[in-house]
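J.: Have a look at the structure that comes next, please.
Chains as they are written, first to last, in our numbering: chain C, -17 to 425; chain R, -17 to 425.
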């Protein structure tokens, strides 16, 4: 590991090296008044320069590519996710470094027509922002995302149970939106739960995500009012060598058993088929259901456990996520294996055992969470944990049976608290020329 | 801009392309139980593979290097900032994507001896974490940063005015720590202001930063208790083409007039000289003073202004930060220039005019802020703004005169509210074998 910072001079190919904080010879690239469009257009070339420097030599050489000293976007900025498609973005999109969840309630008097106009505005804005264009609806763009690339921005829209009666669309409400059953570990705050409309924003850049949040909020106008809003994060791209199944704030690898897009039954588990099965409204074709839970982690208690006890609670090794019965993260746990003392190696109440799909009649959900950390709570403990978001074709076969089992016997439940909950019907993606939810709102 | 996501196969050099969210052919790299040490050691080679793929062709080719699908760290993760040096890290270090500010008060009964032991523990932990090693003090590491590189982590320690009497070191208190004068725009919350001890944590990865926060907080043990804690962010490395002077949540380019490390008087403006001038205690050699202000932005009001009016408030163009009198971001404003209507082009109350160093007898400070966004405040408006942090050799010649002028006549003041304030003496960096503050605590 290099002990020096290497920095870019503004001359291509020139590197300077200095001890950090000595701060006398740093050269900064000159600022120019070039437009965002031009910056995006030349990103490939400029990025190549920055990255090529990095390939000159090993880890020390790599330090040269730190982008604060360069003027180039890297793929972190230039990546764009398409808005239009069979499914909405933000479901099987890789985890984002930054996310916002925001729920709205329709304003009194706003009905189907106003809701349709809002979804049309929101879709137009989401499409533009995801392509790296400014938000033009409702006045000038705030400018917060100027200079930045699309940064893998995604915007995902969903409808809560209460949306349908308020818009006169009660007959179109899927049965899957029936309220979740209560769980004994619930400590739910109604003010941070549910909502007529739900928007998930994800990006690998915090300012790009914030920019989208403000733009979409502004366009809610007089049609919908914010009910609750939450912020989350995951690793920055490139910061870790284990980026797919990331760690949560307990230090545990999370998501090992997620269905993989490469598996043949992935779509069947996660998305409503086209056409939907009998009983599911046609407008949900290609859609999915999102269960959202704000799960506070009782970190002060958790961190007092020894590493050994933490691993018994989870049933996996902390270092690499492998089951306690051996192998690597992807090895199947041997749930029947007993140790020399005759006890189960993976205890009967271990989280990994109880949540295993094979213990839940194959129930499967795609967990795509964010961590959250809102400072210190009123009780003096960290207000931190997991914005749990799981996606499934049917929440009654995905989230509910698993959570019911966890609620009864999971050793982890002593260290977490479900503080808010939402369940949303997320329609399929919009085709070109269409807006999200059009098949419902113009049905 | 590419409309498709390109993803890594786990075979070096293989790329697969699929429309986002179709999700059927994504290949994921196999997980292995290799240690963090090994991952860091091979990051240079693995990273080179990932980046070389990206150079294959333009912006579309760049999309291939999105690291969620790779197993390699990039420079975002591998960058390490040295702990030891003339100055502490985190002052002229480039802006971090993520930051935590945390203030502690000494526990009753904790005096000089206990404070010295705490600074010794904290320094050892900061040194280890900044090198990408686990935190070993006070039990096992939480594991939250496992798999990640140092991610440019820095930890910076400071002493508040109240620290000195509590430790019997009143004679060593710098006069520069005298309370800041009150400003008419202050709406300060004492519970989120001041503190005996202050720690600034910065990293380009949110989990690495959180890991450091928890480790340092745990080591405070019974010696010090958290007084307040705040979270902030900046752009992700590589997300923007304008990474040095970043934008704030008003959309404005911020920090254009910052002193540059390449300027000959940079060190004189920012750091206490060695030896310090008469009247400044010897232990502050190489140190600096940090003024910390939580500045809430009244974004609902700000965003209602037209772009033109926003630019008159600031005195600079939003698009590129150039003064309204023309040129580019780095062009000197022509403060005397008048328009065809006879009015000053940069209004008399424009923020850029009032805060200009030339209008403040050359007063200079290094602004190194984070943005913050803590959701929606109790009043229904965004609880968002700037964690303003400025660094100077003498706050009475840096922050105070500028803020006094801004307080009286800045057009921006209608759109911001100072909600918390702190002033901290940040000692020079620790030499090898030394801990931060040793020259004070063992004086």
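Backbone N, C-alpha and C fix where the C-beta goes; we use that ideal spot for every residue, glycine too.
1) Alpha carbon to alpha carbon, how far is residue 363 of chain R from residue 282 of chain R?
2) Can you grab the Cα-Cα spacing for the pair residue 263 of chain C / residue 144 of chain C, in whole Å?
3) Short check: CB of residue 480 of chain R to CB of residue 410 of chain R, under 9 Å?
4) Quick check: what's the CA-CA separation for residue 400 of chain C versus residue 278 of chain C?
5) Assuming residue 179 of chain C is part of the beta strand (DSSP E), what are its boundary residues?
6) Below 9 Å between beta carbons is the criterion; list the residues of the region 97 to 128 of chain C that meet it against any residue of chain R, in chain order.
7) Residue 182 of chain R and residue 82 of chain R: beta carbons closer than 9 Å?
8) Does any CB atom of chain C fall closer than 9 Å to the CB of residue 296 of chain R?
9) Taking residue 173 of chain C as the query, report the chain R residues whose CB atoms sit under 8 Å from its CB, ordered along the chain.
10) Within 9 Å of any Cβ in chain R, is that where the Cβ of residue 210 of chain C sits?
11) Count the CB pairs spanning the region 293 to 305 of chain C and the region 332 to 340 of chain C that are closer than 8 Å, and state whether there are at least three.
12) If distances are taken between C-alpha atoms only, which option among R:301, R:268 and R:198 comes closest to residue 104 of chain R?
13) Just mark residue 80 of chain C as buried or exposed, buried being the case when its beta carbon has 16 or more other beta carbons within 10 Å.
14) Where residue 180 of chain C and residue 216 of chain C are concerned, what is the direct C-alpha to C-alpha distance, given to the nearest angstrom?
15) Which same chain residues end up closer than 8 Å to residue 257 of chain C when comparing Cβ atoms and leaving out the 5 residues on each side of it in sequence?
16) Exposed or buried, residue 127 of chain C, counting other C-beta atoms within 10 Å across all chains shown (16 or more means buried)?
17) Can you pull the chain C residues whose beta carbon is under 7 Å from the beta carbon of residue 56 of chain R, in chain order?
18) Since residue 220 of chain R and residue 58 of chain C should fall inside the 8 Å C-beta cutoff, what is the C-beta to C-beta distance between them, to a whole number of angstroms?
19) Do you know how far the Cα of residue 235 of chain C is from the Cα of residue 187 of chain R?
20) Going by beta-carbon coordinates alone, are residue 371 of chain C and residue 386 of chain C separated by less than 9 Å?
21) Please look up how many angstroms separate the CB atoms of residue 280 of chain R and residue 397 of chain R, rounded, as I've assumed it's under 8 Å.
22) Along the alpha helix (DSSP H) that carries residue 390 of chain R, what are the first and last residues, could you check?
23) Could you work out which residues of chain C lie near residue 87 of chain R, taking near to mean beta carbons separated by less than 9 Å?
24) Assign residue 244 of chain R to one of two classes, buried (16 or more other C-beta atoms within 10 Å of its C-beta) or exposed (fewer than that).
25) Using a Cβ-Cβ distance under 9 Å, would residue 160 of chain C count as near chain R?
26) Does the Cβ-Cβ distance between residue 138 of chain R and residue 196 of chain R come in under 9 Å?
27) Which bits of chain C does residue 213 of chain R rub up against, with CB to CB less than 7 Å?
28) Between R:88, R:157, R:98 and R:136, which has its C-alpha nearest residue 73 of chain R's C-alpha?
29) For residue 205 of chain C, I'd like the list of residues in its chain whose CB is within less than 8 Å of its CB, leaving aside the five on either flank, ordered along the chain.
30) Roughly how many angstroms lie between the CA atoms of residue 316 of chain C and residue 269 of chain C, to the nearest whole one?
31) With 9 Å as the threshold, decide whether the Cβ of residue 231 of chain C is near any Cβ in chain R.
32) By Cβ distance below 8 Å, which residues in the same chain neighbour residue 94 of chain R in space, the five residues on each side in sequence not counted?
33) What does residue 83 of chain C touch in chain R if you count any residue whose Cβ is under 7 Å from its own?
34) Which of the three DSSP states, helix, strand or coil, is assigned to residue 169 of chain R?
35) Between residue 214 of chain R and the rest of its own chain, which residues show a CB-CB distance below 8 Å, the 5 nearest in sequence each way excluded?
36) Using a Cβ cut-off of 9 Å, which residues of the region 176 to 206 of chain C contact any Cβ in chain R, in chain order?
T.: On the basis of the coordinates in this document:
1) Each residue's alpha carbon lies about 7 Å from the other.
2) 16 Å
3) Residue 480 of chain R cannot be examined here, being either before or after the span of chain R that is shown, -17 to 425.
4) 6 Å
5) It spans 179 to 185 - the beta strand (DSSP E) in which residue 179 of chain C sits, taken as one unbroken run.
6) Cβ contacts with chain R come from 113, 114, 121, 122, 123, 124, 125, 126, 127 and 128.
7) yes
8) Chain C contact via Cβ: absent.
9) Near residue 173 of chain C there are no residues of chain R at all, since even the closest Cβ is about 11 Å away, more than 8 Å.
10) yes
11) yes
12) R:198
13) buried
14) 20 Å
15) 264 and 267
16) buried
17) 220
18) 4 Å
19) 16 Å
20) no
21) Taking a contact as a CB-CB distance under 8 Å, the pair residue 280 of chain R and residue 397 of chain R counts as one, their CB atoms being some 5 Å apart.
22) 381 to 391
23) Around residue 87 of chain R, no beta-carbon contact reaches into chain C at under 9 Å, the shortest distance being about 13 Å.
24) exposed
25) no
26) no
27) The contacting residues are 355 and 357.
28) R:136
29) Listed in chain order, the non-local C-beta contacts of residue 205 of chain C below 8 Å within the same chain comprise 88, 89, 92, 96, 97, 99 and 100, local neighbours out to five positions each way being set aside.
30) 35 Å
31) yes
32) 149, 150, 151 and 423
33) By Cβ distance, chain R contributes nothing, its closest Cβ being about 10 Å from residue 83 of chain C, past 7 Å.
34) coil
35) Answer for residue 214 of chain R: 80, 81, 82, 83, 351, 352, 353, 354 and 369, listed in chain order.
36) 185, 186, 187, 188, 189, 190, 192, 193, 195, 196, 199 and 200
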